[in-house]
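J.:
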Amino acid sequence: MEKKEEKTLRKELSLLNLVIIGIAGAVGTGILFSSAAMASLAGPAMVLSWLLGGIFYLTIGLTYVQLALNYPEAGGPSRYALYSHGRVTNMLNAFSDLIWYLFIPPIEALAVVEAINFFTSPHGIVLINSSGYPTSLGALLGVLVMLLFIPFNYYSVKFFGTSTTVFGIIKLLLYLAVALGFLIFLFNSMNFVKYGGFVPFGFAGIFSAIPLAMFAFGGIRVIPDYAEETKDHKVLGKAIVYTVLGQTLIYIIFAIAFIGSLNWTGLGIKPGDWTDIQNVPGNPFIDIAGASNLYSLLILTSVIGIVGPFVVGYIYQGGGMRVLFAMARSKYVTDKMKELNKYSVPLWALIVFSVVGAIVAYISAPLPTIYGLISDAVVAGYIGFSVNPVAMHSLISRGKIKPIFPLYQVISFLAFIFAGLIVYWSGWPSVPYAVLLLTIVSVIFSIVYRVKEDFINSIWYIVYIGFLTLLTYIGSVGALSLLNFYYASLVCVIGSALFYGWGVISSKK
Numbered sequence: 238m239e240k241k242e243e244k245t246l247r248k249e250l251s252l253l254n255l256v257i258i259g260i261a262g263a264v265g266t267g268i269l270f271s272s273a274a275m276a277s278l279a280g281p282a283m284v285l286s287w288l289l290g291g292i293f294y295l296t297i298g299l300t301y302v303q304l305a306l307n308y309p310e311a312g313g314p315s316r317y318a319l320y321s322h323g324r325v326t327n328m329l330n331a332f333s334d335l336i337w338y339l340f341i342p343p344i345e346a347l348a349v350v351e352a353i354n355f356f357t358s359p360h361g362i363v364l365i366n367s368s369g370y371p372t373s374l375g376a377l378l379g380v381l382v383m384l385l386f387i388p389f390n391y392y393s394v395k396f397f398g399t400s401t402t403v404f405g406i407i408k409l410l411l412y413l414a415v416a417l418g419f420l421i422f423l424f425n426s427m428n429f430v431k432y433g434g435f436v437p438f439g440f441a442g443i444f445s446a447i448p449l450a451m452f453a454f455g456g457i458r459v460i461p462d463y464a465e466e467t468k469d470h471k472v473l474g475k476a477i478v479y480t481v482l483g484q485t486l487i488y489i490i491f492a493i494a495f496i497g498s499l500n501w502t503g504l505g506i507k508p509g510d511w512t513d514i515q516n517v518p519g520n521p522f523i524d525i526a527g528a529s530n531l532y533s534l535l536i537l538t539s540v541i542g543i544v545g546p547f548v549v550g551y552i553y554q555g556g557g558m559r560v561l562f563a564m565a566r567s568k569y570v571t572d573k574m575k576e577l578n579k580y581s582v583p584l585w586a587l588i589v590f591s592v593v594g595a596i597v598a599y600i601s602a603p604l605p606t607i608y609g610l611i612s613d614a615v616v617a618g619y620i621g622f623s624v625n626p627v628a629m630h631s632l633i634s635r636g637k638i639k640p641i642f643p644l645y646q647v648i649s650f651l652a653f654i655f656a657g658l659i660v661y662w663s664g665w666p667s668v669p670y671a672v673l674l675l676t677i678v679s680v681i682f683s684i685v686y687r688v689k690e691d692f693i694n695s696i697w698y699i700v701y702i703g704f705l706t707l708l709t710y711i712g713s714v715g716a717l718s719l720l721n722f723y724y725a726s727l728v729c730v731i732g733s734a735l736f737y738g739w740g741v742i743s744s745k746k
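Heads up: the sequence shown runs through residues 238 to 746, numbered per the working numbering.
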């Protein structure tokens, strides 16, 4: 029965579809809202944070290339650990992935509401208050936006791929037009050197800003989720690499445009007070365009504030429902999640993901703002990501798959280290909050579906998650600050290296 269901997933996506899905699914809220928070931590050096983020993510992307080519399955990244470490490890990995996906559509819906608020608030219709919280009306509109995501994922994957390619190309052209407008009309090179220099907060600031950048580097995670529905799975590697390079280039352009266009007095900020930039209400690009009285650029920026997050939202809704589909195959959730509609789309997975996603995201963030939601999503996502480099090394060393590029050990090792650093740098309370949510859902579903096989192979992963949580508590980004940023980061690297070796040894023989 299971094989029959697998065959009914239609192979409709091309390389172009995958690349546009990857880039258009990444360039959205992160690039718009993370810029202000990143600038408050790193100043002009946020440009380097984006660049380093791209390098970090490329190593993770290469592990997905290896695994996706060998296991081209729907929701594949939520199943790779099943082949290397068994059911318990994979269950934790899968629920981490699911939490990452559950957060993103509500984040994007809230970003759409934020952009719409720019047009409605002058007329007395307030959707987002001055503290960044959605009003009752704003929350209702956010739910409506999430419902509008559903039609894009209800019909065939061919419809999804075609519509996303069209809207994605239009969206990317609009984003580049906005970046070009900021660079031409508002650019001031003195912002890069006048106020504390290019690196006003040192390397600690650069590294601290990377987790906010890493939320935006989620595009390649979606590509393996559609591997089973790709016409030729051999193009998956190209799609992943092209996506990482493409989105990194766009992010660096936007970072340069953001710093160069800062209108300090127009935003009500003391010139050079980088830390106060994160307190700018709303979409910072809209605020800058408005403060500069460039109304054509303001309108264009407002449009991408609506279109960009909307496209990201429905793309991640599609990826998330495939994670649920994969979890049903692994027997972590009900088989109902595998049922396909007449368009060969997992219907119940779509319904459940859409409903539960909104509920979980809005009640689980420390503050119901975009910045808080982004931090929590990053932690959950990279806890899930971190197991796959270990799975790749384990599967190759056990002879189950063959390496497709040299120095695979180095690539997988660096990917694991970088994922751990991103989790640690995300700080307190995002790490314990995400881990608590992961623990609750894992315990409940392991009891309901009696997941206990291969527990011994999962101990390294459980202890590793505990290690990152403890380090966040005592480190400079945590509650106690017993270790400074550099010492705590070094401890994270050394500890992660040890856990990497433990993880490879713990794989199934």
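Here a beta-carbon is modelled for each residue, glycine too, at the ideal position from N, C-alpha and C.
Is the beta carbon of Val570 less than 9 Å from the beta carbon of Val302?
T.: Against a cut-off of 9 Å, the Cβ pair of Val302 and Val570 comes out as no contact.
J.: Is Thr809 helix, strand or coil when you go by DSSP?
T.: A query on residue 809 cannot be resolved here, the shown segment of the chain reaching from 238 to 746 and no further.
J.: Name, in chain order, the residues that DSSP records as bridge partners for Leu577.
T.: Beta-bridge pairing links Leu577 to Pro583.
J.: Should the segment 250 to 270 be regarded as contacting the segment 398 to 406, the criterion being three or more beta carbon pairs within less than 8 Å?
T.: These segments touch.
J.: By a C-beta neighbour count over all protein chains shown, 10 Å radius and 16 as the cutoff for buried, is Ile536 buried or exposed?
T.: Flag for Ile536 reads exposed.
J.: With H, G and I counted as helix, E and B as strand and the rest as coil, what does DSSP make of Thr502?
T.: The answer is coil: DSSP assigns Thr502 none of H, G, I, E or B.
J.: Give me the Cβ distance between Tyr308 and Tyr294, rounded to the nearest whole Å; I'm assuming they're in contact under 8 Å.
T.: 20 Å between Cβ atoms; not a contact.
J.: Decide if Phe712 is buried, meaning its Cβ has at least 16 other Cβ atoms within 10 Å, or exposed.
T.: It should be pointed out that residue 712 corresponds to Gly in this sequence rather than to Phe. Per the 10 Å Cβ criterion, buried.
J.: What do you get for Met629, buried or exposed, if any count of 16 or more other CB atoms within 10 angstroms of its CB means buried?
T.: Buried is the call here.
J.: May I have the straight-line CA-CA distance separating Pro448 from Ile292, to the nearest angstrom?
T.: Spanning the two alpha carbons is a distance of roughly 13 Å.
J.: Please confirm if the segment 339 to 352 is in contact with the segment 540 to 548, defined as three or more CB-CB distances below 8 Å between the two stretches.
T.: Short answer: they touch.
J.: Mark Glu310 as exposed unless 16 or more other C-beta atoms lie within 10 angstroms of its C-beta, in which case mark it buried.
T.: Classification of Glu310: buried, given that the 10 Å Cβ count is 16 or more.
J.: When the Cα atoms are used, what is the spatial distance from Lys745 to Trp697?
T.: Taking the straight line joining both Cα atoms gives about 13 Å.
J.: Rounded to whole angstroms, what's the CA-CA distance from Val685 to Ser679? Just pull it up for me.
T.: Rounded to whole angstroms, Val685 to Ser679 spans 10 Å at the Cα level.
J.: Going by other Cβ atoms of all chains shown within 10 Å of its Cβ, with 16 needed for buried, is Lys568 buried or exposed?
T.: It is exposed - the Cβ of Lys568 has fewer than 16 other Cβ atoms within 10 Å.
J.: According to the neighbour-count rule (16 or more other Cβ atoms, all chains shown, within 10 Å of its Cβ), is Lys579 buried or exposed?
T.: Lys579 comes out exposed.
J.: If I'm right that Arg635 touches Glu466 with Cβ under 8 Å, what's the distance once you round it to whole angstroms?
T.: Their Cβ separation, rounded to whole angstroms, is 28 Å, which puts Arg635 and Glu466 out of contact at 8 Å.
J.: What would DSSP say about Ile489, mapped onto helix, strand or coil?
T.: Helix.
J.: Should Thr480 be labelled buried (16 or more other beta-carbon atoms within 10 Å of its own) or exposed?
T.: Result: buried.
J.: Taking its Cβ as the centre, do 16 or more other Cβ atoms sit within 10 Å of Ser373, making it buried, or is it exposed?
T.: Its Cβ having fewer than 16 others within 10 Å, Ser373 is exposed.
J.: Along the chain, where does the alpha helix (DSSP H) containing Ser533 start, and where does it finish?
T.: Its alpha helix (DSSP H) spans residues Tyr532 to Arg566.
J.: Measure from the alpha carbon of Ile268 to the alpha carbon of each residue in Asn520, Asn428 and Phe438, then state which is nearest.
T.: Ranking Asn520, Asn428 and Phe438 by Cα distance to Ile268 puts Asn520 first.
J.: Go through its chain and collect everything with a Cβ distance to Gly312's Cβ below 6 Å, but skip five positions before and after it.
T.: For Gly312, where only same-chain residues beyond five positions count, the Cβ hits under 6 Å are Asp462, Arg559, Val560, Phe562 and Ala563.
J.: In angstroms, rounded to a whole number, what distance separates the CA positions of Phe590 and Gly557?
T.: Roughly 7 Å between the two C-alpha positions.
J.: Ends of the alpha helix (DSSP H) at Phe386?
T.: Residues Ser373 to Tyr391.
J.: I believe Tyr701 touches Phe655 by the beta-carbon criterion, under 8 Å. Please report the beta-carbon distance rounded to the nearest angstrom.
T.: Not quite, the Cβ-Cβ distance comes to about 14 Å (not below 8 Å), so this is no contact.
J.: Nearest to Leu705 by alpha carbon, out of Asn354, Ile648, Ser663 and Asn516?
T.: Leu705 has its Cα closest to that of Ser663, out of Asn354, Ile648, Ser663 and Asn516.
J.: Terminal residues of the continuous alpha helix (DSSP H) containing Asp334?
T.: Its alpha helix (DSSP H) spans residues Arg324 to Thr357.
J.: Using a Cβ distance threshold of 8 Å, determine whether the segment 497 to 508 contacts the segment 389 to 396, with at least three qualifying pairs required.
T.: Taking 8 Å as the limit for Cβ pairs, the verdict is that the segment 389 to 396 does not touch the segment 497 to 508.
J.: Take the Cβ of Asp524 as the centre, count every other Cβ of all protein chains shown within 10 Å, and call the residue buried at 16 or more, exposed below.
T.: Flag for Asp524 reads buried.
J.: With 16 other CB atoms within 10 Å as the buried threshold, where does Ile541 fall?
T.: The residue is buried, with at least 16 neighbouring Cβ atoms inside 10 Å.
J.: Identify whether Tyr463 lies in helix, strand or coil by the three-state DSSP scheme.
T.: Tyr463: strand per DSSP, three-state reduction.
J.: Below 6 Å CB to CB, which residues in the same chain sit around Pro747 once its five sequence neighbours on both sides are set aside?
T.: With the chain covering 238 to 746 only, the question about residue 747 has no answer from this structure.
J.: For Ile731, which beta-bridge partners are listed by DSSP?
T.: Ile731 is not bridged to any residue.
J.: Quick check: what's the CA-CA separation for Gln484 versus Thr266?
T.: Each residue's alpha carbon lies about 13 Å from the other.
J.: So is His470 buried or exposed if we call it buried at 16+ other beta carbons inside 10 Å?
T.: Buried.
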